[in-house]
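Participant: In order, the protein sequence lines correspond to chains E and W.
The first sequence lines up with residues 0 to 249 when you count with numbering that gives the first Met the number 0.
The second sequence lines up with residues 0 to 92 when you count with numbering that gives the first Met the number 0.
What follows is a structure written as structure tokens; I'll ask about it next.
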Amino acid sequence: MEGWAEAPGFNPVVPGCNGAVFAAYLDTIIKPTLVGENPRQIDRHWETLATGKEDRLYMLPANVVGVIDVALWDLFGKEPGQPVYTLMGGAARTTIPLYWSTGSGWNLSPEEMLDAVRAGHSMGFQAFKIRMDWKGWRQDANPEKDYQMFKLVREFLADGQYLGFNATTATRSRRPSSRDAGLKNWASTISRSQSPTGICRASSRWPTRSTWRSRRASRTPTAGGSTNWFYSVIPTSSSPTSSAPAGRRK
Amino acid sequence: MKRIYDLATTWDKPVMPHSPQAGITSMASLHAYATVQNAVHPHEFSTEFSGPLDELVELYGEGVLPVKGNMHLSDRPGLGIELNETVVASLTV
Numbered sequence: 000m001e002g003w004a005e006a007p008g009f010n011p012v013v014p015g016c017n018g019a020v021f022a023a024y025l026d027t028i029i030k031p032t033l034v035g036e037n038p039r040q041i042d043r044h045w046e047t048l049a050t051g052k053e054d055r056l057y058m059l060p061a062n063v064v065g066v067i068d069v070a071l072w073d074l075f076g077k078e079p080g081q082p083v084y085t086l087m088g089g090a091a092r093t094t095i096p097l098y099w100s101t102g103s104g105w106n107l108s109p110e111e112m113l114d115a116v117r118a119g120h121s122m123g124f125q126a127f128k129i130r131m132d133w134k135g136w137r138q139d140a141n142p143e144k145d146y147q148m149f150k151l152v153r154e155f156l157a158d159g160q161y162l163g164f165n166a167t168t169a170t171r172s173r174r175p176s177s178r179d180a181g182l183k184n185w186a187s188t189i190s191r192s193q194s195p196t197g198i199c200r201a202s203s204r205w206p207t208r209s210t211w212r213s214r215r216a217s218r219t220p221t222a223g224g225s226t227n228w229f230y231s232v233i234p235t236s237s238s239p240t241s242s243a244p245a246g247r248r249k
Numbered sequence: 000m001k002r003i004y005d006l007a008t009t010w011d012k013p014v015m016p017h018s019p020q021a022g023i024t025s026m027a028s029l030h031a032y033a034t035v036q037n038a039v040h041p042h043e044f045s046t047e048f049s050g051p052l053d054e055l056v057e058l059y060g061e062g063v064l065p066v067k068g069n070m071h072l073s074d075r076p077g078l079g080i081e082l083n084e085t086v087v088a089s090l091t092v
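If you want it as structure tokens, here you go:
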């Protein structure tokens, strides 16, 4: 019986991403930790890899833990011959509407982004999102171009067809950052450019500390601040050695 | 994801997962999302990080292919992937 997942590997879209890092985690931590264990203990294995177990603290990155988790769920379903959604408690629906997501907006012209959106539109998609994929240091310093990109796509789509704007970032800082500055610039641009067609209604007073509060200021679904690090979502107030037995603490 | 969904369901908050790719990881996300009673938003789908759809279908089977902007989850075991071992072997480095 096998379970399958996709691990980080070579990707021409993401230069520098290769399988060597994942292979190192696999050989040095995951195999020594999990080989011989019961594969049905999915949540226990997730906790072990994402946090730790007994006196060992692992805290592996989410994109490493997730690979193992997905493979274990696939395996878990194959043994009894059931789909994963059934083993997770049952599907509320088995037909799920999708939205077509296209990124790297910071590196595209508005026309190039529109072409990417057209590709999904020709496949019958009814909902869309365009991602700027700004990193924490905000590669794109041209919010006017971002707005023109958004406007071009919005005008291409029909009324009622969903369009979201994702100012994807990778910052993990809780302090005001370039992410917030980028969103503020974008929002200011939109505010200056509000059109009678109501393409977007954004407040010129864009909060700099909370992306979620910012989102409420706009009629356009806007996202930002996504992060890939477990230590941003799991409380890390404990010291790295706090899970060790008292006698071993230093 | 399950833990987040459970929390959102408890407080009747809508959820919208981030999953910008197609293939096994996308199917795993869709299986989890399918179990959320109050999931009213569409699920993300992108081929940017996973390659052209025709190559994915050859590798994983028709189950990973959306139809008119919808994904239909089968009742096949596990994540419903029909892995083509021949293609896997050809891609092995």
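The beta-carbon is built from N, C-alpha and C at its ideal position, and this holds for glycine as well.
Every value quoted in this text rests on a predicted model; they were computed, and no experiment measured them.
1) Considering just the uninterrupted stretch of the beta strand (DSSP E) at residue 100/E, what are its terminal residues?
2) Under a CB-based cut-off of 8 Å, is residue 158/E close to chain W?
3) With DSSP as the reference, label residue 82/E as helix, strand or coil.
4) Quick one, are the C-beta atoms of residue 132/E and residue 108/E less than 8 Å apart?
5) Does the CB of residue 35/E have a neighbour CB from chain W at under 8 Å?
6) By a C-beta neighbour count over all protein chains shown, 10 Å radius and 16 as the cutoff for buried, is residue 37/W buried or exposed?
7) Going along chain C in order, which residues have a C-beta closer than 7 Å to the C-beta of residue 100/E?
8) The stretch 52-70 of chain W: which residues have C-beta closer than 8 Å to a C-beta of chain E, in chain order?
9) How many Å lie between residue 84/W and residue 81/E at the Cα?
10) Going along chain W in order, which residues have a C-beta closer than 7 Å to the C-beta of residue 88/E?
11) Please state the DSSP three-state secondary structure of residue 175/E.
12) On a CA-only basis, which of 64/W, 75/W, 13/W, 69/W is nearest residue 35/W? Give me that one, please.
13) Give the secondary structure of residue 124/E by DSSP, where H, G and I count as helix, E and B as strand, and everything else as coil.
14) In chain E, which residues lie with their C-beta within 8 Å of the C-beta of residue 1/W?
15) Alpha carbon to alpha carbon, how far is residue 100/E from residue 127/E?
16) Ordered along the chain, which non-local residues of its own chain (more than five positions away) have a Cβ less than 7 Å from that of residue 70/E?
17) Does the beta carbon of residue 6/W come closer than 8 Å to any beta carbon on chain E?
18) I think residue 31/W touches residue 1/W, with their Cβ atoms under 8 Å apart; what is that distance to the nearest whole Å?
19) If you drop the 5 nearest sequence neighbours on each side, which residues of the same chain put their C-beta closer than 8 Å to that of residue 9/W?
20) Determine the closest residue to residue 91/E out of 52/W, 79/W, 39/W, with distance taken between C-alpha atoms.
21) With a threshold of 7 Å, establish whether the CB of residue 162/E neighbours any heavy atom of the ligand NAD.
22) Thinking residue 0/E and residue 77/E are a contact (beta carbons under 8 Å), I'd like their distance in whole angstroms, please.
23) Taking the alpha carbon of residue 19/W as the point to measure from, which residue in 7/W, 90/W, 54/W, 45/W has its own alpha carbon closest?
24) Report the three-state DSSP secondary structure of residue 26/W (helix, strand or coil).
25) Smallest Cα separation from residue 280/E: which of 47/E, 163/E, 17/E?
26) Take residue 124/E and list the residues in its own chain whose beta-carbon comes closer than 6 Å to its own, dropping the five residues that flank it on each side.
27) Out of 77/W, 57/W, 52/W, state which residue places its alpha-carbon closest to the alpha-carbon of residue 93/W.
28) Using a Cβ-Cβ cutoff of less than 6 Å, which residues in the same chain neighbour residue 118/E once the five nearest sequence positions on both sides are dropped?
29) Can you tell me which residues form a DSSP beta bridge with residue 70/W?
30) Please list, in chain order, all residues of the same chain as residue 160/E whose beta carbon is under 8 Å from its beta carbon, the five residues on each side excluded.
31) Short of 7 Å Cβ to Cβ, which residues in the stretch 35-53 of chain E face chain W?
32) How big is the Cα-Cα spacing for residue 68/W and residue 39/E?
33) Report the three-state DSSP secondary structure of residue 141/E (helix, strand or coil).
Facilitator: Reading from the atomic positions:
1) 94-101
2) no
3) strand
4) no
5) no
6) exposed
7) No chain C appears in this structure, whose protein chains are E and W.
8) 65, 66, 67, 68, 69, 70
9) 22 Å
10) 34
11) Below a pLDDT of 50, predicted positions are generally treated as unreliable, and residue 175/E, at 42, falls in that range; no measurement from the model is reported.
12) 13/W
13) coil
14) 87
15) 6 Å
16) 2, 3, 4
17) no
18) 6 Å
19) none
20) 39/W
21) The ligand NAD is not among the ligands present in this structure, which contains no ligands whatsoever.
22) 6 Å
23) 45/W
24) helix
25) Past the edges of chain E, shown from 0 to 249, lies residue 280/E, and the structure says nothing about it.
26) 99
27) Residue 93/W lies beyond the stretch modelled for chain W, which goes from 0 to 92, so this question has no answer here.
28) none
29) 95/E
30) 125, 126, 127
31) none
32) 34 Å
33) coil
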